[in-house]
Amino acid sequence: MYLERINESLISTISSELAKTYVTGERDALAERLDFFVAELPIAGVAYNKTFYHELLPSMIKVLRTDDLSANPEDYVKPVDPETNFEKSTSE
């Protein structure tokens, strides 16, 4: 039963974070967090024990989570250059 809940938590978190990227456009940030998550998974099978599932995995899932999205849609509108009709770079 616990393994089902923790698995659902992981799937739900990844799905939620992916959905946020459709609004924010920050897919690279999610990819980096997922890379970090995978890199932190134990290599040895014996490390997948009670401590991992009850202590480590829940904290790893929390690292994947970001703040909830703002209710203001304008927070996610990227400025458009009127001359080119393309998004302006945020590094300008």
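For the sequence shown, the working numbering assigns the number 1 to the initial residue and increments by one for each residue that follows.
Glycine is no exception: its CB is placed at the ideal position from the N, C-alpha and C atoms.
Report whether the distance from the Cβ of residue i to the nearest heavy atom of the ligand SAM is below 7 Å.
{"i": "A29", "result": "Ligands in the displayed structure: none, and consequently the ligand SAM is not present."}
Who are the near neighbours of residue i in its chain, counting only those whose CB is closer than 7 Å to its CB and skipping five residues on each side?
{"i": "S16", "result": "none"}
{"i": "T13", "result": "I61, L64 and R65"}
{"i": "P42", "result": "Y48 and F52"}
Give the single residue among the options whose Cα lies nearest to the Cα of residue i.
{"i": "D67", "options": "N7, M1 and T21", "result": "T21"}
{"i": "M1", "options": "V63, H54 and T13", "result": "H54"}
{"i": "F37", "options": "M60, I11, T13 and L69", "result": "M60"}
{"i": "L69", "options": "V46, A19 and L3", "result": "A19"}
Short of 6 Å in beta carbon distance, which residues of its chain neighbour residue i, apart from the five on each side in sequence? Order them along the chain.
{"i": "A29", "result": "none"}
Considering residue i, what are the terminal residues of the alpha helix (DSSP H) in which it resides?
{"i": "N7", "result": "Y2 to T24"}
{"i": "A39", "result": "R27 to E40"}
{"i": "L64", "result": "L57 to L64"}
Taking Cβ positions, are residue i and residue j nearer each other than 8 Å?
{"i": "I6", "j": "L57", "result": "yes"}
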